[in-house]
Amino acid sequence: MSADEFSAIQLYRMGITKYLTEIKKDFEVYGMRNEEWETFNKGVEYEAFLYYENQGIK
1 MSADEFSAIQ
11 LYRMGITKYL
21 TEIKKDFEVY
31 GMRNEEWETF
41 NKGVEYEAFL
51 YYENQGIK
């Protein structure tokens, strides 16, 4: 992973973390760590992010 990619991932993580409460009202958020997807948790460094729109389940 290049320094630019790492920086971009950190910026995404910080943004998701900052607005996680609001985001979770409409989306399920996952992070990839060690080639496995898991529910996004604050303070964890991820390699990628994935989200799904909640389908009326709140």
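Residues in the sequence shown are numbered consecutively from 1, following UniProt numbering.
Glycine included, C-beta positions come from ideal geometry on N, C-alpha and C.
N-terminal and C-terminal residue of the alpha helix (DSSP H) that residue i is part of
| i | result |
| --- | --- |
| residue 43 | Per DSSP, residue 43 belongs to no alpha helix (DSSP H) and is neither H nor E. |
| residue 18 | 3–18 |
Rounded separation between residue i and residue j - CA only
| i | j | result |
| --- | --- | --- |
| residue 51 | residue 13 | 13 Å |
| residue 54 | residue 21 | 14 Å |
| residue 18 | residue 36 | 23 Å |
| residue 31 | residue 44 | 9 Å |
| residue 26 | residue 3 | 31 Å |
| residue 6 | residue 28 | 23 Å |
Extent of the continuous beta strand (DSSP E) run through residue i
| i | result |
| --- | --- |
| residue 52 | 48–53 |
| residue 35 | No beta strand (DSSP E) holds residue 35; DSSP gives it neither H nor E. |
Cβ-based burial, residue i [other Cβ within 10 Å; buried from 16]
| i | result |
| --- | --- |
| residue 40 | buried |
Supposed contact pair residue j and residue i - C-beta distance, whole angstroms, cut 8 Å
| i | j | result |
| --- | --- | --- |
| residue 9 | residue 16 | The Cβ separation is near 11 Å, so there is no contact. |
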